[in-house]
Each structure stands twice: as C-alpha cells, then as structure tokens.
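Report on one structure; see the data block that follows.
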C-alpha cells in the first residue's frame, strides 16, 4: 500500500511540474521579442498575412494574457501543440515519430555508462593507489573533459574513412533496407557509434562516483563486521559493499537524465540520428518555435518518467526508504 | 586567580602544541600546491589564458580574413592549416579562446551565485522555504539544460550575453543541490547552535559560520562549473547558436562539421583546445578536492 | 526551598532565590504525514514539564536517550522553539521574547554541549571563538575583550597562547574547557551543561566537573546539568529531576534517594 | 593463572605500531595475557590506551596503517599471526568472533537481520538458505529478542540500539566460537540496556563456555563480568590480576586514581558530599609518539619518586599469585 501511495504522490508531483513547464512555454512565447503570432507561425514557412491573422484568432492573441493562457492550455492538453509548417505535420505526430530513436540512444548510453562506469570505479577502488586506478582516473578526467560533439566527429572520422566497419550516420541502412530481425540488427549496428560517444562522458562521471563511494563503503563498520564473520572478499565486496555503493549511483543517474538528453541533441546532430535532438537542430535552423517548445516539453516528460523509475529502483535497493523512513 | 581550596589548576600547557597551526585556508593552499593534478591543471590553464590574452599581439592574423585556399593542411604559411573558407585556424583558436573562456567564467559565476543563494537559504531555514526552493530546483532539473538554453538563445537572440546568461540560468541546480546538502549537514552541528546561543542572528550564522565551512565543496563545484560552461558554450556554438560574429572554438567545429573528411585539422584543433581547457580545469578541481579532504588522497 | 518533595501547591516564598521557573513546557516536532491528507503526525519530545531552579545551585535532569532532557534544556534557552509553556527567567517570561530582545537576553544564559569535537568552529582560532559572544553582544571595548579572553583561558586552566591555536590542536578535555570559557564570556547567570562530560574519559570528566564546581563557587553560577549517568548527577547536582518519554516522572533533592538503580553499582 | 586446561587464547608480548609521517609510532607495547575456557578477561583503559588495537590485532582486522611489530597470538593452539588468508577466514566468525561498539553502523542497513546472521552459518556450516534462516530465528530467541520469527525479516534501522547489539551477539555466537571479543559493547547504549547486555553475555558464557575478551573503560562492568583484568595506560599494561584483587586492592597509582574519579552511585540515604572535590588525575594521556622509555604515567603521578624519574618503566612484577603491577613505588603506595 505504501508503495502505491508513493507512486500516486510522485505522479501528482510530476503533473504539477509538467504543468509548470507548459506555463513556462507559454511565457517564453510571449516574453520573446517580436509578435507572438510570428513566433507561433514561425518566421520561415507560411508567414503570409492571412495565416498570421488566422493564428491570432486561433490563439486569441487579442484577449487578456490569462485567457490566452487558458486557450493555450486547453489546446495543449488535447495534444494540439501547433502545426509545423516546415515539416507540414502537426507537431505532436512529428515528435512521436522521433521519440523512439532518441530513447534507443539515451537508454543504450545510460546502461553502458552505468554498467561500465560502476565496474571501472569498483575495481579501481580495491587498490586505490594501483596502476589500474590511476589509469581509470585519467580516463575519467579525459572522458569528462572531451566535448561530446568533438569525440563524435573523431569517431566519425575514424570509422568513416580510416576504418569503415561501422555505419556513421542515420539509423537504418537506406541502401539495403532490411526487415524483421535483420532490421533490428541494422539499427543496433547504427546505434553503436552514437551511443558510445554519448556514454563516454557519463562513464567518466560514474566511474569517479563509484570509486569514491566504494572507498567509503570499504571503510564502513558493516564491511569490517562482514570480514570479522570470515566471509570471503567476493561476498564482502560483491554483496555488502557494492549494494551500498549503488545507491548514490542510482540517485545521480536519475538526476543526470536531463544532461543525457541534452548530450543526445549533439550526438544526433553529428551522426544524423533521426531523434528529437536532430529535430531540435532542424527546427532552430528554420525558426520553427512550436516544434522547439514542444520538444522541450516532451523531453521534460521523459526526464520526469526517468526520475520516477530511478526513484522506484532506489526504493528497491534501500529498504530504509521503503518503510517510509524518508 | 588561583582558587582557594584546590591547588592552582595544573596548567597542562606542556601538552599543548607550542606553535599555532597555520589557518585551514593556508593549509589547503599548501596541500593544493603539493597535488600534482592541481599544479598541472593550473599551469595549463595559465598558458591558455596567456595565449588568448597576449596571442593577438604576437600572431597578428585576423581570424575572419581569408589567408589561403580553403583546406590548406598545416604547413609553413598556416601553421595549423585553414578552414572551409580559407581562414587561419591558429588565429581562430587564439581569438576564439577569449570568447570561450570568458563565457565559461562568467556563466560559472552566475551558476554559483544563483545556486549557492538558493541552496543556502533552503538548507539553512528548512520548512516552507526549503520545500518551495526545492520545488523550483526540481523544476529546472527536469528541463534538459542544453535544450532549455537553446530555446532561450533562439528566442532572445544569439548574442554573447544571452548565451552566457542562458548557460548560467539553466545549470545552477547542481550547485544548489550541493550547497543545500552542505547547509543541512552543518546546520545541525553544535558549533552553529553555540554561535546562535552566543547571540548570532541568522545573517551572521549563514555568512560567517556556516558558509565558510561549506566553502570547500562549493569551490570544487564552482571550478567544475567553469568546465561545464565551456563545454556548454561549445555545444551551443556547434549547433550554430553561438554569437555569429565572435569567433569561438565551438563555432569553428560547427562550421567545419560537414568537411571533417576533407580537412581533419579544421575540427581536431578547436576540439582539442576545448578538451585541454576543460581538462585543465577538472585537474584544478581534482587538486582542490585533494586539498580539502586529505583522507581521500591518502587512499589515492 | 528546603529538602523534601516540593509540595504540589506552590507555597509563596522568597522570589529572589528562584532564578528560573518553567511552567508546563511543551515541545512537539512535526514528523511528516501519514497519508497525503492525514493530520501531520507529531513527535511529543517534551510533554508539559515544570521545574524551578534556585540561584547558585545545580539542577540535574537525568533520563535515558530519547527522554527529552536535552530538548527541554535547549528549549529553555530558546535554542529550540517551544510549542507552548512559560519560561520565567529572573522574573521575565523569556518565552515571549522575540528578535533583538531575545538576542540580547542570551548574554544571561549560555550552554556547553556534549561533543567537544563538533561544538567548536574548526575554521576559527580559540581566541576568536571565546570572543564571539562579546563581539555579538558588544560587551566592553575591543581591548577589554582581548584581556577578558586571556583571563577566561586562565580561569579554565589553559595558557594564554592557547588563544592562537585551532580547535583540532586541542584534546577533548581541553576543548571542553574552551567551551566553558566561551560560555562564561558574557558573564551569564545560568549555564546549561548538556551532557557536558559524557563524551570525556573518566579522569578528564573529574577535572571538568571540579572546574565547573570551582566556577560555581567563585561566581555564583546556576547550572542545569543534563546527563544519563546517575553517579555523576548524584555527585554534582543539588536537585534532580528524572525524565521519561518527555515528562518529569520524579523530582527530589539529590542525596535523599537515588531513583533509577540500574547503573552497575561498584 | 592456575588453570588446568591450556588457555584458549594466549597473547605474548604483543606490540602494535602505527605508520606515522616519519617512521613507526608504538600504539601498544608488549602486552601479554591468557584467557582460559569459559573465563572473561577485561582490558580496561582510557581512549588511546591501545585496548581496541589489541582486539583488532587478534582478529587480524587492523586498519591500513597499523601493523603488529612483535609478539604472538595463539588461539586454541593455532598461531593467528601466521594464518594464511584462507585459514583466517576459517577462524573468523567460527573459532573467534567479535562484536563492536557502534551497533548502529555495524550492521549492513540494506540486508535483513536474519540474512546477516544466516550468512555466518552458510559460510562456516554450509547450511542452506532456509536452514540458516531457521537457525537465525533460534539464535535471535537465544539472545532474548521478542517475536524472533517476525524480527528475523526486520532491517537494522527498524531495531533499537540494544536490539541491534543482541543481533551482533547472536551473529557472533552462531558458530559456537571458542573466543568472543567484545569491544566496548555497551558504551553507545543506555544504562538500563547496558545491564541487560552484560547479563546476556554472562548467561551465554555459562551455557557455551565461550571465553570472552571484554574491552571497556567501565570499571563497574569489570567488577560484575570479568574474572581477570589488565589495566592499560598509553599502550602499556600497568597492572594485571583477578578482577576482585585489582578492584579491591589496586596497587598502581593510575588504577587507584581511576577508581577514585568515578562518582559512584550511593544507594539509600548518603552523606551530603556534593561539595567534596572528586579525586582527579591532572593532565592528560601522553599523545602517540610522545611515549618515552620512562613510566608513561610519570607526568600525572602524584606519588612519583626519584626512582621513577631515573629508571625506565619497570616490567610487570607479580606481587601475588593473581596480581602484578608495573610501578617502582607500589609497595609504598599500597602496602
């Protein structure tokens, strides 16, 4: 029962925050210099006078700000985020087509960075002054400092010309489209480079985090007790210390999801991966504001969902939270 | 002032250290100078800053004018080669560095200013203030920072100032969270209660008692914030959202993005510049981290 | 108030010799909510406590952890907000004091905490820490304050040059002496000793107790002494109150009866 | 120590040092004592006297910068110091086990109590998961934890300090070890709970004949629970003997001073002694690295004589069958 209550509270909180994002979007449209109608229509495509006039009425731009907010909200709630003149499609369907690609990329990168990062961190914590540990620290610093779009271009260069064994752009092989399982394999092949690029930055952060927390865990009293019980190191580390080390990692993973998403925009641009990030890049070029703001909203939804998932995983690992001892 | 019925209280001065220790800040400074990563990072950053500040005097070429044929590989006339328009890459690096480093520095200051203010208030006072500020922080956290900044810059114009403010405004939650955690931890320690009992008001407690003790982790996150801001500015410029008429490293990469196969140097050198700058700053952050909690350093 | 149990009705007696009179002190902490809509559940840390402390004496409060003894003491000197109740200190109900009036009144009542390692700001030198109350409550001129710090160090058995050292350069016992010097700086009438000797080794504990006793004799200080150690309480206090789950369950002058006989007698 | 059986634990000239900034600093110097089966040996002293290091040395759990510089530790005939890591794992929790001072942090917060007790049985007795939990419930009952079958699935944060210490005791005694080391088991607990834990330990000792090494600074506990006692000061054993002999007839000025410092609880009507000064030992324990060859207690000793200032600290001189002291002037101090 307690869990259900918690989830309901989380959802209420999420809806509240997403509502705030919508209000933010609305304010941004009106705060931006220039005429909101232009913003909604987008300067580039379909900026003819009668379209602007139609938009004025549709969004009730002549009415009071509060009424406009109400009309904007009623539209958005029914899924009408406006119309993209450049792509000639309602914004919502445009985004829904692109979400899966971004999710593949972000989730692959997340899994890769958490798993590899934790492994590197945990192993190097065993012998903190050892050579391996120094190596991990150097990789972590380098991985963190390298701009993700630069590493992407490097890999593009490496696998594009020097060592062409991996596809370097797009999500599917346009020349020889495959179906069924081969199609999935094709996507995975295309996914390797972008997800690795995106994961590099976060592998660096998680390995540092795992290393520091594992070092602390190894000095904790309960690890000393475990050793005093004659348990082999594999259990002392694998069972007792590791699970405690995972808690901060899961917390950070939840918080980092927004950053992961931001990185995806850059990686998708480099590898022309047909996700929401690429859509943002195109919509900026064409000043397609409705799409831009809608992507911001949908990404907030995804980040919110990720937070709820990580919170549940957190409650799974740590019984103290589960029993309400917040 | 010896008391009457008990012998004068034995002055256990013998067991007191004779020389007073130097202040914790000086100790931290000395530790920092001993940490190899800290010193290396500081040295590299100094070189970078010097080249961007004094570079133009020694290397007079203007980054915007066309020096040679496009995609001339690095050679005698253009040490680092030319880009897709034929502009000199080295000149671009020198002038670009100025924009990137200033944006990075100023944006980090904005981030820390907002973050520490919100974090300290919510951490120190708790209760309703804390819940409200945490909600605001949470709100900023669910918006992907780069995306949010892109929207702000697109709507409010692509100038250096809007870019800097946008970066600062979207990345303060990390600093806020860290400061709040530190204040929550320190607020319950007895020496804060003792100062309150000695007549300290909230202002004195926040600024003179809790903040100095919370500074070390804040300084580390401030250093990291500069690195993050530089990467951020690079990302925005790469996506064509930087200030179009000021040369910056990200812009150089963005403009030559499609020609990476024709001229690798057009992309590798500006990217390397960002990499070195952020690496130097992270090393400094690492050095400071070692200086403030030696316990970690002892274990490497 | 002679020996014997305080009669339930308060006989009129000489007002001057009672420094502190606490009536029905209540401290409740909000502790999260059951359901989203349910009433906020409360922790009843202190549930209606009343006692009086005579000037120049030591009032002991003993009890197990979680009995509310520290909360009571810190609420009396307004470090923790009291939910309700009267705190009449030297004739005035300081429970109603607010803002500047409360801040200045603090010079009259000070506190010494249990853990010497967290009671001193690690980033400031000993001299500055002792001086802080004087600076905050602007007592005396800067020169006088400097002399006062040296004199206080002398009184607690520390050499004058200790003023330049940082807290991490002192032992536990020496730090507690610093805390006592700091508490005495504004020349208070009442000092709350919140488990002031519990974290110290036995030999050092005796030194600090003797120091506190000497200072009480010389300056007529009044102490509220909090402890879980019955031996220390019985030796050190004139009156004892026993607290259990937020209430005073027993109150009497010390030597008449030991109440909780659980400590392993020697 | 007149005991027919060979001692379960025999520590001879044990010295432990800390790797300081410049060279090794002695933390414990030449400590020797034996513990017979079913007997309790108390190591008493203030913080910094090296008593906890002794316990950790016996369990080979010394922290990173501490090493055993000399001496031998024989457990039930086996040499602990020479044991290989594999042999050591076989000993710990099986032949010898330990309970610690902070029950709050000594249990892993993320695993149930039953799991953490069962672990020992699974490791040393190769029990299956279900049998181990079964046994865990019995042991929880043995340490008087109410509703054991429910509590076995509880997590540490759901138990009080006293309960958690009982769980530690159950965990330590699960494999019927020959030796139990209790490092200040009750310091972090309330007075009422302390008494319960001491009663529990002595009752379990009667049943299982386990030898106990009790580390404490509480002289009351020594009187009630310990058969023999060794008083440590600044890393050196200054007095040793049966607890009755040492407590009723202490010979070393430090032990005598320690007794006088403690404000003992007088039950019933007592004289009005609040104005009397507590007897105190002035000064403080010499810090690590400041302990020369002369008597460590010299700077604080009220009855120090010329001999004390000129001679190094004397080795333990046995005064009677069950008592020994390391003090040049102990005959004048306690005839």
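Chains as they are written, first to last, in the working numbering: chain A, 519 to 844; chain B, 34 to 333; chain C, 5 to 270; chain D, -5 to 329. Backbone N, C-alpha and C define an ideal beta-carbon position, used for all residues, glycine too. On a predicted model such as this, the values are computed, not experimentally measured, just so you know.
Close partners of residue 140/C in chain B (Cβ separation under 9 angstroms): 228, 231, 232, 233, 234 and 237.
A residue is called buried when at least 16 other Cβ atoms come within 10 angstroms of its Cβ; residue 708/A meets this threshold and is buried. Rounded to the nearest angstrom, the Cβ distance from residue 727/A to residue 759/A is 14 angstroms, too far for a contact under 8 angstroms. Residue state for residue 280/B is assigned as coil, using DSSP reduced to three classes.
Our two residues, residue 233/C and residue 44/D, have alpha carbons roughly 25 angstroms apart in a direct line. Straight-line spacing of the CA atoms in residue 286/B and residue 671/A works out to 9 angstroms.
Residue 89/D sits in coil when the DSSP states are folded into three classes, being neither helix nor strand. For residue 73/B, not one C-beta of chain C is nearer than 8 angstroms to its own C-beta. Taking 8 angstroms as the cut-off, the beta carbon of residue 795/A is found closer than this to the beta carbon of residue 782/A. Check the Cα spacing between residue 67/D and each of 216/D, 272/D, 27/D and 227/D: the tightest is with 27/D. In the three-state scheme derived from DSSP, where H, G and I count as helix and E and B as strand, residue 795/A is classed as helix. The bridge partners DSSP lists for residue 322/B come to none. Under the Cβ criterion of 8 angstroms, residue 762/A is counted among the residues facing chain D. Under the rule that a run must span 3 or more residues, no beta strand (DSSP E) segment is found entirely inside the segment 111 to 159 of chain B.
No Cβ of chain B is located within less than 8 angstroms of the beta carbon of residue 755/A. Per DSSP, the continuous alpha helix (DSSP H) segment holding residue 730/A begins and ends at 698 to 736. A distance below 7 angstroms between beta-carbons, with the five flanking residues on each side excluded, links residue 170/D to the following residues of its chain, in chain order: 202. Around the beta carbon of residue 235/C, 16 or more other beta carbons sit within 10 angstroms, so the residue counts as buried. By DSSP's assignment, residue 65/C forms a beta bridge with 230/C and 245/C. Residue 799/A has a beta carbon lying within less than 8 angstroms of a beta carbon in chain B. DSSP places residue 670/A in the helix class (H, G or I) of the three-state scheme. In this structure residue 114/C is not in contact with residue 44/C, their Cβ atoms being roughly 33 angstroms apart against a cut-off of 8 angstroms. Contact between residue 172/B and residue 538/A holds: CB atoms are separated by about 5 angstroms, below the 8 angstroms threshold. Residue 229/C and residue 133/D have their C-alpha atoms some 41 angstroms from each other. Around the beta-carbon of residue 222/C, fewer than 16 other beta-carbon atoms lie within 10 Å, marking it exposed. Sorting 84/D, 287/D and 2/D by C-alpha distance to the C-alpha of residue 304/D places 287/D at the top.
Within chain C, not a single residue places a beta-carbon under 7 angstroms from that of residue 131/D; the smallest gap is close to 28 angstroms. Rounded to the nearest whole angstrom, the CA to CA distance from residue 683/A to residue 663/A is 27 angstroms. If you draw a straight line from the Cα of residue 141/D to the Cα of residue 111/D, it comes to about 16 angstroms. A straight-line Cα-Cα distance of about 42 angstroms links residue 229/B and residue 22/D. Along the length of the segment 95 to 157 of chain C, whole beta strand (DSSP E) runs at least 3 residues long occupy 113 to 116, reported in chain order. DSSP places residue 833/A inside the alpha helix (DSSP H), whose first and last residues are 807 to 835. DSSP places residue 234/D in the uninterrupted beta strand (DSSP E) bounded by 230 to 236. Close CB contacts of residue 239/B within its chain, under the 7 angstroms cut and outside five residues either way in sequence, are with 153 and 157 (chain order). Within the DSSP bridge table, the entry for residue 93/C names 24/C and 96/C as partners.
By a beta-carbon distance limit of 8 angstroms, residue 260/B contacts residue 311/B. Their separation comes to about 4 angstroms.
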